[in-house]
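In short: position in the sequence shown from 1, add 5, done, that's the numbering used here. Idealized CB from N, CA, C, for every residue including glycine. Keep in mind that this is a model prediction, so the values were computed, not measured.
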Amino acid sequence: MMRSYVKGFVPPVVFQMRLLAREWIKLRLLRKQACDPVTSAPISDLPLDAILASSAYSAELEALQPELDALCITDQAHGVNLGDRRAIYHLVRHLQPRRVLEVGTHVGASTAYICAATRMACAEHPGEVRTITTVDIVDVNDTISKPWLRAGSRYAPKEVVRRMGCVDMVRFVVANSLDFLARAEETYDLIFLDGDHTAVVNYREISAALPALSPGGYILLHDYFPQLRPLWDDGPAISEPSRSEER
Numbered sequence: 006m007m008r009s010y011v012k013g014f015v016p017p018v019v020f021q022m023r024l025l026a027r028e029w030i031k032l033r034l035l036r037k038q039a040c041d042p043v044t045s046a047p048i049s050d051l052p053l054d055a056i057l058a059s060s061a062y063s064a065e066l067e068a069l070q071p072e073l074d075a076l077c078i079t080d081q082a083h084g085v086n087l088g089d090r091r092a093i094y095h096l097v098r099h100l101q102p103r104r105v106l107e108v109g110t111h112v113g114a115s116t117a118y119i120c121a122a123t124r125m126a127c128a129e130h131p132g133e134v135r136t137i138t139t140v141d142i143v144d145v146n147d148t149i150s151k152p153w154l155r156a157g158s159r160y161a162p163k164e165v166v167r168r169m170g171c172v173d174m175v176r177f178v179v180a181n182s183l184d185f186l187a188r189a190e191e192t193y194d195l196i197f198l199d200g201d202h203t204a205v206v207n208y209r210e211i212s213a214a215l216p217a218l219s220p221g222g223y224i225l226l227h228d229y230f231p232q233l234r235p236l237w238d239d240g241p242a243i244s245e246p247s248r249s250e251e252r
């Protein structure tokens with residue numbers, strides 16, 4: 006209540022800066038956790054420019070776009086935007102991970118594009134088992150509260166996956182990300198962290214994700230802005246993932 010009252014008198018930019026300062030202080034006070042990146046692959050090994058500019062992957066996506074558009078996944082619910090979804094598709098197509106972990110299912114936007122890329126890999130390598138585990142702290146498929154409708158999407162993430170023919174490869178988990186990572190029974194070739202964006206939780210997630218990473222695997226952070234420089238001119242950079250990675 007008090008925060009809402011104060012926000013009415015404090016300019017939004019100033020209020021946001023105060024919140025970010027508090028997050029930074031919390032992160033600085035947090036006890037450092039062991040982070041052993043020995044299993045992760047060097048980012049220098051990835052030809053990112055070539056991957057993201059791949060005309061072959063772009064052509065695949067263009068052919069898939071009518072199917073993906075028909076899923077009616079909202080672009081207005083603070084989820085993964087269309088450009089990021091396309092980038093994720095390109096990355097998954099190049100890396101061809103056999104086991105993917107996504108933290109932060111939300112409306113299933115990135116889930117759908119990970120499914121599309123994984124489905125293509127399955128077609129290229131028949132007989133290989135590929136799985137996607139997507140975790141969210143809330144039941145994104147709850148048929149009573151229907152969170153996807155409130156967000157503006159037409160279908161539940163589980164229905165999105167069903168319509169894509171990927172039911173057998175996707176597992177939905179309702180859990181706190183840190184709890185899930187602490188008891189993970191398998192390792193993953195690609196871990197996509199897009200859940201809680203507070204600096205403290207993000208820092209803990211990175212630390213907890215490393216032991217769950219397969220040798221040569223990758224951790225992908227959403228809303229990561231190197232040196233806190235915004236990539237677009239429509240707003241400031243989100244600082245928490247970058248701050249967490251730096252620490």
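query                                                                                                 : result
Cβ neighbour criterion (16 or more within 10 Å) applied to residue 186                                : buried
Cβ-Cβ distance between residue 135 and residue 174 below 8 angstroms                                  : yes
Opposing strand residues paired with residue 222 [DSSP bridges]                                       : 45
Contiguous alpha helix (DSSP H) assignments of at least 4 residues, all confined to the segment 60–89 : 60–74
Opening and closing residue of the beta strand (DSSP E) in which residue 194 lies                     : 193–198
Rounded Cβ spacing between residue 166 and residue 110 (contact assumed at less than 8 angstroms)     : Their Cβ separation, rounded to whole angstroms, is 10 angstroms, which puts residue 166 and residue 110 out of contact at 8 angstroms.
Rounded straight-line distance, which links the Cα of residue 105 to that of residue 216              : 14 angstroms
Rounded distance between the beta-carbons of residue 140 and residue 180, thought under 8 angstroms   : 6 angstroms
Spatially closest choice to residue 137 from 147, 124 and 128, by CA coordinates                      : 124
Straight-line Cα distance separating residue 108 from residue 176                                     : 12 angstroms
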